[in-house]
Amino acid sequence: MNRFMTVAVAGAALALGVATEAMAQAKPDVLVKQRQAAMTLIGKYWGPVAGMASGKVPYNADIVARNATYLENLSQMPWDGFHESTKGEKSRTLPEAYSQKAKFDEIAERMQAEIAKLGVVARAKNEAGVKQQFGAVGKTCGACHDGFRAK
Ligand code: HEC
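Numbering (the numbering used here), first residue to last: 202 to 352.
Right, dumping it as structure tokens:
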């Protein structure tokens, strides 16, 4: 093995080690807490955007831009928490989240894509664009909660 290959293999082993360690650390009850915490923060930063975009709260382009950017990051965080190992934990997640994982993941990806579009118009201070895009984001929240979250 030449030196380059040795370094490449060591790098791959390190990356695998980090992934394995991260998985080993995450106990099911902790994963549930983490996914609920991510969703709670998504709710926190989504609320004002929805209120402003629907005209219920006076519009503030700076808050919308900040919140949309937070949401772009937060929207990537809950998903590894919906791991098979959490099936037996008490939560509002319905069993379908595990048995229909492909559908669940598809909605999660759609939500991230729609929020990314929201981020673009929000940072451009494009109020009309935000008012149009917020509905598309809201639909993805509803689509998943309807099928995968207990009332
Ligand atoms: C792909 C599925 C999915 C999408 C998309 C989704 N959620 Fe959720 N959400 C869930 C599930 C499942 C739970 C229940 C989590 C649990 O208890 O294990 C939840 C819980 C929540 C909670 C309650 C958190 C708590 O534990 O008290 C809030 C608030 C929330 N979601 C907001 C949102 C908002 C706002 C959006 C859209 C911007 C959204 N969610 C998009 C699946 C989703």
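Cβ coordinates follow ideal geometry from the N, Cα and C atoms, glycine included.
DSSP state of residue i mapped onto helix, strand, coil
i: ARG359; result: Residue 359 lies beyond the residue range present for the chain, which begins at 202 and ends at 352; the question has no answer from this structure.
i: ARG350; result: strand
i: GLN334; result: helix
i: LYS326; result: coil
i: ALA344; result: helix
For residue i, the residue or residues it bridges with in DSSP
i: THR294; result: ARG350
Within-9 Å CB hit, residue i to chain B
i: VAL265; result: The structure shown contains no chain B, having only a single protein chain.
Own chain residues within Cβ distance below 7 Å of residue i, not counting five before or after
i: TRP247; result: LEU272
i: ASN250; result: What sits at residue 250 in the sequence shown is Val, not Asn. Counting only Cβ-Cβ distances below 7 Å, and skipping sequence neighbours, we find VAL265, ASN268, ALA269 and PHE335.
i: GLU290; result: PRO229, ASP230 and VAL233
i: GLU328; result: TYR260 and ALA262
i: MET278; result: ALA239
Contact set for residue i: own chain, Cβ-Cβ below 6 Å, skip 5 residues either direction
i: SER286; result: PRO229
i: ALA344; result: ILE308
i: GLY292; result: The identity of residue 292 in the sequence shown is Ser, whereas the question assumes Gly. Cβ within range, chain order: VAL233.
i: GLN237; result: none
i: ALA338; result: Per the sequence shown, the amino acid found at residue 338 is Val instead of Ala. The residues are GLU315, ILE316 and LEU319.
Own chain partners of residue i with C-beta closer than 8 Å, once the 5 adjacent residues on each side are dropped
i: THR241; result: none
i: SER300; result: none
Whose CB is closer than 6 Å to a heavy atom of ligand 1? List the residues in chain order. Residues with a Cβ closer than 6 Å to any heavy atom of ligand 1, in chain order: VAL233, ARG236, GLN237, MET240, THR241, ILE243, GLY244, TRP247, SER292, ARG293, THR294, ALA298, PHE305, ILE308, ALA309, MET312, VAL338, THR341, CYS342, CYS345, HIS346, PHE349 and ARG350.
Going residue by residue through the region 235–322, where are the continuous alpha helix (DSSP H) segments of at least 4 residues, counting only ones entirely within it? Counting whole runs of 4 or more residues, the region 235–322 contains the alpha helix (DSSP H) stretches 262–275 and 297–300.
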